[in-house]
Amino acid sequence: MALLGACSADPAAVPPNGALLPVDQRPTIEAITGESLLDPDEVVSTAAAGPATVVNVWGAWCGPCRFETPELARAHAETADAGVRFVGINVRDHVRGYAVDFVKDNAVGYPSIYDPPGRTLLNLGRYRNVGVPTTLILDGRHRVAAVFAGAVLADDLLPRIREVVAESGG
98 MALLGACSAD PAAVPPNGAL LPVDQRPTIE AITGESLLDP DEVVSTAAAG PATVVNVWGA
158 WCGPCRFETP ELARAHAETA DAGVRFVGIN VRDHVRGYAV DFVKDNAVGY PSIYDPPGRT
218 LLNLGRYRNV GVPTTLILDG RHRVAAVFAG AVLADDLLPR IREVVAESGG
């Protein structure tokens with residue numbers, strides 16, 4: 098069974114959930130850019146340089162997303178000094194107010210792209226068919242270093258983020 102819509106016919110080629118991909122096997126993805134959830138006149142992008150970027154695909158309607166939100170907030174707080182960026186992609190929330198309330202009620206401290214139809218996911222390349230929630234860690238060259246399918250714990254996410262930051266000399 099292929100994970101996350103990976104384009105390989107060989108199930109062994111799909112890394113385990115959260116495993117760090119070898120540098121020479123990391124697919125590069127396009128910069129992810131879209132309309133800010135909180136301010137429709139603002140653009141959110143993953144294009145800015147940094148040692149790592151964490152991209153979380155979420156929805157306010159998603160139970161596992163509600164569970165993982167404080168975990169992501171903790172990881173965000175613990176890696177901010179290292180220059181790690183976090184960007185959310187909010188999908189399938191057709192009433193913007195529900196998603197905005199979710200972000201405010203949970204004190205989410207990083208930006209999210211508002212993308213109800215999921216068009217932004219096309220920029221994820223082979224990972225465009227991800228389930229919700231999914232979290233990707235991109236290295237400093239915008240390559241997918243690790244993928245977590247389903248709700249993620251900070252204790253699982255933080256070691257991977259630190260490994261990717263260390264690769265960049267951070």
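Residues 98 to 267 in our numbering are what the sequence shown spells out, letter by letter. Here a beta-carbon is modelled for each residue, glycine too, at the ideal position from N, C-alpha and C.
Closest Cα partner of residue i within the set the options
i      : options                           : result
Gly206 : Ala242, Ala116 and Ala172         : Ala172
Thr130 : Arg240, Ser142 and Glu264         : Ser142
Glu260 : Arg123, Asp236 and Pro124         : Asp236
Thr231 : Pro214, Arg238 and Leu254         : Leu254
Leu135 : Arg240, Asp198, Ala243 and Ala179 : Asp198
Val200 : Ala170, Pro213 and Pro214         : Ala170
Glu264 : Val181, Glu132, Asn226 and Arg189 : Val181
Ala116 : Ala246, Val262 and Gly266         : Ala246
Val249 : Cys162, Arg193, Pro119 and Asp138 : Cys162
Ser133 : Arg193, Gly222 and Ala146         : Arg193
Val188 : Glu168, Val229, Leu221 and Arg223 : Val229
Ala128 : Glu168, Gly222, Gly266 and Arg257 : Gly222
Asp121 : Arg238, Glu139 and Pro113         : Arg238
Asp252 : Glu168, Ala242 and Ala177         : Glu168
Outcome for residue i when other beta-carbon atoms lying within 10 angstroms are tallied against a minimum of 16
i      : result
Arg216 : exposed
Asn74  : The displayed coordinates of the chain run from 98 to 267. Any statement about residue 74 would go beyond what the structure contains.
Gly160 : exposed
Tyr195 : exposed
Pro148 : buried
Asn226 : exposed
Leu219 : exposed
Val262 : buried
Met98  : Residue placement at Met98 is poorly supported in this model, since its pLDDT is 30, which falls under 50; the coordinates still yield a value, given next. Looking at its Cβ environment, which holds fewer than 16 other Cβ atoms inside 10 Å, Met98 is exposed.
Ala177 : exposed
Own chain partners of residue i with C-beta closer than 6 Å, once the 5 adjacent residues on each side are dropped
i      : result
Val151 : Phe183 and Ile234
Asn203 : Thr166
Gly185 : Asn153, Trp155 and Ser209
Phe164 : Ala248
Simplified DSSP assignment, three categories, for residue i
i      : result
Arg257 : helix
Val262 : helix
Ala251 : helix
Leu219 : helix
Val120 : helix
Close Cβ partners of residue i (< 7 Å) along its chain, the five nearest in sequence each way excluded
i      : result
Arg240 : Arg123, Pro124 and Thr125
Asp190 : Gly156, Ala157, Trp158, Ala196 and Pro213
Glu175 : Leu255
Ala145 : Arg182
Ile258 : Ala149, Val151, Ala172, Thr176, Val181 and Ile234
Any non-hydrogen atom of the ligand PLP closer than 7 Å to residue i Cβ
i      : result
Gln122 : Looking at this structure, you won't find the ligand PLP or any other ligand, since it has none at all.
Beta-carbon contacts of residue i that lie in its chain and below 8 Å, excluding the five residues immediately before and after
i      : result
Val140 : Thr130, Gly131, Glu132 and Ser133
Inset, instruction - Enumerate, from N- to C-terminal direction, the unbroken alpha helix (DSSP H) stretches of 4 or more residues contained entirely within the region 134-217. - result: 160-176 and 193-202
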